[in-house]
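Taking this note's numbering, I'd label the letters of the sequence shown as residues 83 to 211. Ideal Cβ placement from N, Cα and C applies to all residues, glycine included. Working notes for the structure below.
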Amino acid sequence: MQMMRKLAPTGIAAAADIGGMTIHSFLDEHHNSGKPRTIKPGGSKLEKEWRLVEYLLIDEMNMAGINLLAKLNRIICSAQHVNLQVPFGGVNVIFFGDYSQYLPVYDAPLHTDFSLQSKKRSGKQPNEK
Numbered sequence: 083m084q085m086m087r088k089l090a091p092t093g094i095a096a097a098a099d100i101g102g103m104t105i106h107s108f109l110d111e112h113h114n115s116g117k118p119r120t121i122k123p124g125g126s127k128l129e130k131e132w133r134l135v136e137y138l139l140i141d142e143m144n145m146a147g148i149n150l151l152a153k154l155n156r157i158i159c160s161a162q163h164v165n166l167q168v169p170f171g172g173v174n175v176i177f178f179g180d181y182s183q184y185l186p187v188y189d190a191p192l193h194t195d196f197s198l199q200s201k202k203r204s205g206k207q208p209n210e211k
């Protein structure tokens with residue numbers, strides 16, 4: 083059993099960079115499937131996989147959006163048999179990523195670039211100082 087799991091939103095980051103799996107593969111959901119993964123208590127593979135997990139590393143966080151993280155939270159809480167109010171089922175989550183790079187695809191980002199917003203209000207182009 084692993085005490086640490088590694089996830090990333092892209093296959094390259096997951097496989098080559100951190101030796102993990104994609105968040106979507108973990109969730110067992112495809113972008114347009116419309117079917118959320120459900121977990122029934124009692125001996126599921128996912129419950130066994132997450133029973134001893136204490137740490138979750140998520141790379142390329144800038145590409146993971148709000149909805150994707152909400153799904154991840156729901157699945158981990160279900161697998162751990164923990165109330166949804168306990169973030170990520172009590173698993174320690176460590177986020178990595180460069181938020182000045184790519185935004186999530188088909189999802190809302192977790193962050194806001196306040197400097198970009200102030201430049202828009204002032205009429206300056208984003209690359210102007």
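Per-residue DSSP class, three states only, for residue i
i, result
"N155", "helix"
"F178", "coil"
"L161", "At residue 161 the sequence reads Ala, which differs from the Leu that was named. Helix at A161."
"M86", "strand"
"L166", "coil"
"L150", "helix"
"L185", "coil"
"I100", "coil"
"L128", "helix"
"L134", "coil"
"L139", "strand"
"L109", "helix"
7 Å Cβ shell around residue i - same chain, five flanking residues per side excluded
i, result
"E142", "A90, P91, T92, A95, G179"
"F108", "L89"
"I100", "K88, A90, L139, D141"
"W132", "I158, A161, Q162"
"Y184", "N144, M145"
"V175", "L138, I140"
"V168", "C159"
"V187", "none"
Distance CB(residue i)-CB(residue j) smaller than 7 Å
i, j, result
"A161", "E136", "no"
"L138", "D189", "no"
"I157", "V173", "no"
"N155", "F170", "yes"
Other residues of its chain near residue i: CB distance less than 6 Å, five sequence neighbours each side excluded
i, result
"H193", "Y181"
"Q84", "none"
Other residues of its chain near residue i: CB distance less than 8 Å, five sequence neighbours each side excluded
i, result
"M86", "V135, E136, Y137, L138, L139"
"H166", "At residue 166 the sequence reads Leu, which differs from the His that was named. Cβ neighbours of L166 beyond the five flanking positions: N155, R156, C159."
Residue i: CB within 6 Å of a non-hydrogen atom of the ligand SAM
i, result
"N174", "The model depicted lacks the ligand SAM and carries no ligand whatsoever."
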